[in-house]
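Numbering (the numbering used here), first residue to last: -9 to 101. Each residue gets a CB set at the ideal place from its N, CA and C atoms; glycine is no exception. Please read all numbers here as calculations on a predicted model, not as lab measurements. Shown next, in structure tokens, is the structure this report addresses.
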């Protein structure tokens, strides 16, 4: 349990050990509970219904939005805010063009 809590991001906030343990337990139970809910819903799920298509579209768009946010803000911000990048206009232009081309290619070749 100690090793699990050391790799989780909320340990960097220096919570007390009881709060950290409770959060680790909830973190560990999230997936099995989600699987159980999914199994229960699959018995009554109608794939072609309007409601299920709307719910699936909303959940897919939420997860895509979170993925884009994490990629742009958390991962790329560190690279784009690098002093070497900030001082070189040609490097900035190349990085931005590469980012846009990569995003464009991913949207075109989505399978």
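Taken atom to atom, the span from the alpha-carbon of residue 69 to that of residue 54 is near 22 Å. Under the three-state reduction of DSSP output, residue 36 falls in the coil class, being neither helix nor strand.
For residue 50, the three-state secondary structure derived from DSSP is helix. Contact check for residue 75 and residue 85: beta-carbon distance about 7 Å, within the 8 Å limit, so the pair qualifies. Per DSSP, residue 68 is one residue of the alpha helix (DSSP H) stretching across 66 to 70.
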